[in-house]
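Working notes for the structure below.
Number of protein chains: 2
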Amino acid sequence: MATFSDKPVSEQVEELSRGVEAMYTREELAQRLTRAAAEGRQLRVKLGLDPTAPDIHLGHTVVLQKMRQFQDLGHKAVLIIGDYTARVGDPSGANKTRPILSPEQIAANAQTYIDQAGKILDLSPEKLEVRSNSEWLEKLTFMEVLQMAARKTVAQMIQRDSFKQRLAQNQDVFLHEFLYPIMQGYDSVMIHADVELGGSDQTFNNLVGRDLQKAYNQPPQIVVIMPILVGLDGEQKMSKSKGNYIGVTESPKEMFGKVMSIPDGLMTNYFTLLTDLPPAEIAALCDAATTHPRQAKEILGKRIVAQFHSQADADEAAAEFARVFSQHAVPADMPDVKATAETMNIVDLVLKAGFADSKNAARRLVEQNAVSLDEKKITDPKTCIPLHAGQVLRVGKLKFGRIVL
Amino acid sequence: MATFSDKPVSEQVEELSRGVEAMYTREELAQRLTRAAAEGRQLRVKLGLDPTAPDIHLGHTVVLQKMRQFQDLGHKAVLIIGDYTARVGDPSGANKTRPILSPEQIAANAQTYIDQAGKILDLSPEKLEVRSNSEWLEKLTFMEVLQMAARKTVAQMIQRDSFKQRLAQNQDVFLHEFLYPIMQGYDSVMIHADVELGGSDQTFNNLVGRDLQKAYNQPPQIVVIMPILVGLDGEQKMSKSKGNYIGVTESPKEMFGKVMSIPDGLMTNYFTLLTDLPPAEIAALCDAATTHPRQAKEILGKRIVAQFHSQADADEAAAEFARVFSQHAVPADMPDVKATAETMNIVDLVLKAGFADSKNAARRLVEQNAVSLDEKKITDPKTCIPLHAGQVLRVGKLKFGRIVL
């Protein structure tokens, strides 16, 4: 049996509203929590996961943090693996966004996701249920599909942000994509969801779930929409393709270093969405009058590393970072750079070390004064240097390599 | 075994192209006819029927005439009753164009349709197959629906005439309506259609059938599109709601009278689409230099009445028409008009006779000199007349009633 929090419902609602972008509706959440407590029943909190992209970064963890709050209050996370959708793929061959996956790939991807999400979620059976939507979508009749589809108009579908944008740009939207929101909504019906979590790009789909539950005479789920996490650049949405992300499987050193690199203005947002520190404490940490931004970021970085690795890893990463960057020392541990000749051009060396993706990029790094050998800057891309084993090549603040002949 | 026409294929194609608005494609039709003849196989010629509107008028018979041509060449008509669609209705309650029908109503409507269509079609079992699409749509899995839907883009659907118009006028188009063309296309797959017939409003749907057959590795059906028949007013599409139609169950007298009323300019069109007279003969009939329009219309009217009733009925209707209108005589047979008083106002009398739908309409008829009693015009709506049994009330050219006290 699940143990429920004995906090007053108003306090629970306050906590669950933290960082939320929108809630449909807060009043219903309060009522649902009250009723569930009276009945000794866990709320069923739904989150869909995309089995085509199992690797998760901090952007994905925002909803997972919210899910963990529900779990900590005694409720059950219900993760839905969208395996049925993944099997559709794109028969027309024109839409490359949805590859067809085999059942084995889907299962492997789902496991990868859950392993990674497990750094945040409580995976104990009384707090977690994992379902695949093929379970019920396979049995759905065409008539049921038609009847659900008849509840939405084409105009409503076109208003959905992602469709609207693609249509405005004359990009193809395939007809079956219009059925995806209905599939997701039907998932809510089939698992009797009390709450559904999602990022703001899921608002439309999650509200379809509310609508379909009403049609099936169920109390409509409460929809909790979390904001999209801004990436390390402080401007764009965190995403793998933009390179402005922190993956949950990255090393403590990488994670910590990346957190230290964020613009100061992002700190409140990251503290709110990625940690469980109380709002008052966050306010104090993000006020430059009381805390130096470097110190605040160190606390943020350690919290994040500790969550995905351990407190010891967090402390070590912080100490290492301080040693290298605050004291301008070189790290204790660094990769080897195997020289291809005894004398090499500096641009070729940077490229060989893997610190740049192309010769042009390596040349630019040299020209921008980012490259040094044994802490001596080299700024002319034409420079050729006699190399010795043990020399330290450094590019920017973060990349170090030890020369091996 | 069906007997095939021994006409050369080129001649058959010529005949089947008569009156056609578009064909996808004529070359494929020639190939398909050649191959079917070589294999001794009947072509399967599909026509969907709407079980929500079973009463048919001459507008509907245009495709039926085309179907009969295929039958006469030895091929099989496959009528598809769209019973699955009729069961969907409109769960949202907003779209009143598609009432939900019970299976009994659908069966009754289909029978009504076939009874009426039987005036044109050959109903012998070797020339006719009647199927209900619930037979296969009931078994369709959601995955198959998604895969078919993935072959069409939203932009393509929106381009469909009827959707485009409704969306432009901000009328609701429900999402399930986007699935109807796919259902109709799948019907073609399931019955292995060689040809599909339709009015020009069915072009989009019928071409979806071609596309889906290719996806299911079938030779794509040839699509034969017939023009929409212009109504008796010579301007708008023939339709029940506009009152400009001839229903196939109307009496010989009504049918003949209505044909005689059409504008001269419609004759070529009606002869071409509603009779099987050879084009050269039609040209001669519709040339005022060789034939008086009244004479041509009489031939057209007799042909049409003979098709839906009998040659004797046609001759009688023509003779009656000639007697009344050419010789200004009253018909031998007319309905009784039961007077409600011995002296009645003329407007009330016209209304009581059922020759006008409202008092205002009756008043207008009087004012327009359309009303007479015993062939004496009455033009003042205020006139009150002492009535005697046996007097003849006449409104316009066509309506007669005998006064009964």
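Residue numbers (the working numbering), protein chains in the order written: chain A, -8 to 396; chain B, -8 to 396. Glycine included, every Cβ here is placed at the ideal spot set by N, Cα and C.
The bridge partners DSSP lists for V69 (chain A) are A:K37, A:E120. With its beta carbon at least 9 Å from every one in chain A, E2 (chain B) lies outside the interface. Cβ neighbours of M139 (chain A) within its own chain (closer than 8 Å, five residues either side excluded): I173, G176, Y177, L203, A206. V36 (chain A) is a Cβ neighbour of V186 (chain A), given a cutoff of 9 Å. Collapsing the DSSP output to three states places T52 (chain B) in a helix. Annotation: N196 (chain A) is outside any beta strand (DSSP E); the continuous alpha helix (DSSP H) that includes it extends over 194 to 206. Close to chain B, meaning a Cβ-Cβ distance shorter than 7 Å, are the following residues of the stretch 159 to 191 of chain A: D163, V164, F165, L166, H167, F169, L170. The beta carbon of T52 (chain B) is closer than 7 Å to those of I111, V239, L265 in its chain, skipping five residues each way along the sequence.
The criterion of a C-beta distance shorter than 9 Å is satisfied by G73 (chain B) and G39 (chain B). For P254 (chain B), the CB contacts under 7 Å within the same chain, skipping 5 residues up- and downstream, are G225 in chain order. Bridge pairing for T370 (chain A): absent [DSSP]. Setting aside the 5 residues that flank it on each side, V315 (chain B) is surrounded in the same chain by P322, each with a C-beta closer than 6 Å to its C-beta; the list follows chain order. If you look at A13 (chain B), you'll find it in the beta strand (DSSP E) that goes 13 to 15. Short of 8 Å from the beta carbon of A330 (chain B), and not among the five residues preceding or following it, lie these beta carbons of its own chain, in chain order: L340, K343, L378, I394, V395, L396. With respect to chain A, the C-beta atom of E129 (chain B) has a partner C-beta closer than 9 Å. Taking the Cα positions, E241 (chain B) is about 27 Å away from Q382 (chain B).
With fewer than 16 other Cβ atoms from the protein chains shown falling within 10 Å of its own Cβ, K368 (chain B) counts as exposed. Contact of K205 (chain B) with chain A is not assigned, every C-beta pair being separated by 9 Å or more. DSSP, reduced to helix, strand and coil, places L188 (chain B) within a strand of the structure shown. Beta-bridge partners of S363 (chain B) (DSSP): B:K368, B:R385.
In this model, R354 (chain A) and K373 (chain A) are separated by some 9 Å (Cα to Cα). Residues of chain B whose Cβ lies closer than 8 Å to the Cβ of R78 (chain A) are, in chain order, M134. A Cβ of chain A is located within less than 9 Å of the beta carbon of Q138 (chain B). Taking 9 Å as the threshold, the shortest C-beta distance from R122 (chain B) to chain A does not fall below it. By alpha-carbon distance to R385 (chain B), the top candidate from B:A361, B:D371, B:T370 is B:A361. Taking a Cβ-Cβ cut-off of 7 Å, M229 (chain A) has no neighbours in chain B, whose nearest Cβ is about 29 Å from it.
Burial check for R78 (chain A): the Cβ neighbour count within 10 Å reaches 16 or more, so the residue is buried. Using a Cβ distance threshold of 9 Å, L158 (chain A) and A68 (chain B) do not count as a contacting pair. For R201 (chain B) and Q62 (chain B), the gap between their C-alpha atoms comes out near 22 Å.
Collapsing the DSSP output to three states places I111 (chain B) in coil. Rounded to the nearest angstrom, the gap between the Cα atoms of R122 (chain A) and V4 (chain B) is 58 Å. By a beta-carbon distance limit of 8 Å, N197 (chain A) does not contact V180 (chain A). Their separation comes to about 13 Å. Contact between R23 (chain B) and L7 (chain B) fails: their C-beta atoms lie close to 11 Å from each other, not under 8 Å.
Contact with chain A is found for T144 (chain B), since one of that chain's Cβ atoms lies less than 9 Å from the residue's Cβ. Scanning its chain for C-beta atoms nearer than 6 Å, with the 5 sequence neighbours on each side dropped, one finds around L92 (chain A) the residues A77, in chain order.
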